[in-house]
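Following: one structure in structure tokens, then a few remarks.
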Amino acid sequence: MTQSPPPGWENILAPGETILWQGQPDARVDWGGLARPTTVFGLVFMAFALFLMTNTGATHPGAALFLIPFLLVGAHLAIGRLFWEAYLRGKTHYTLTDRTAFIATNAMGKRDLRRVALSPGLPLTLQEGAPGSVLFAVDERQIRGRWQGSHSDGMYVPAKTVRRPVGFLRISDAGRVFGLMQQATAALADQPPAR
């Protein structure tokens, strides 16, 4: 007799696929994120907007109002992004089966389910810590090259590739999950190829 999938997983899991682990990332604010260069950029952006607001506010009140969005963008880059990232982690759920890793997000009315198939060659990385992370894929995004400024005065900004690690981030039992993933990928290596 085959075991039926848990409620909600009927159309997601393959026949015979078994859930090994489920969890959520640590949703607390990661104050270590303040050490990123984005923080410095945000503070400079904010300081420049404040400087312009105070120097032009008395003579041109409309100009000071125009600078409020720049102040808010700087505040987000400096510290607001830490709270946004914590919010997103609170809306994220992880599931590991004997064949697949799932990352589900349900935030701001948008639902997303990312599926990464396990395979013997899957590059697994354990980042130890409290909390730790298990990485198993990389998102790559191409940014096209473009001209910045006018064609006579501007310069060409070349294309680049942005890479972001994918995995079960900031989980309390990262070592155990890493072991489960190693066992699952090893078991897949022992299976005969599908015909």
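All the letters of the sequence shown, read from the start, carry residue numbers 74 to 268 under our numbering. Glycine included, C-beta positions come from ideal geometry on N, C-alpha and C.
Assigned with DSSP and collapsed to three states, LEU208 falls in strand.
It is roughly 13 Å from the alpha-carbon of LEU191 to the alpha-carbon of THR91. The C-alpha of THR129 lies about 14 Å from the C-alpha of ALA120. A Cβ-Cβ distance of about 7 Å is found for the pair GLY205 and GLY248, placing them in contact under the 8 Å criterion.
ALA210 places its beta carbon 8 Å or farther from that of LEU93. Between LEU169 and ALA177, the CB-CB gap reaches or exceeds 8 Å. A residue is called buried once 16 or more other Cβ atoms fall within 10 Å of its Cβ, and THR198, having fewer, is exposed.
By the C-beta density criterion, GLY115 is buried, having at least 16 other C-beta atoms within 10 angstroms. Secondary structure in the region 122-189: the beta strand (DSSP E) runs of 3 residues or longer, each lying completely within the stretch, are 165-170, 173-180 in chain order.
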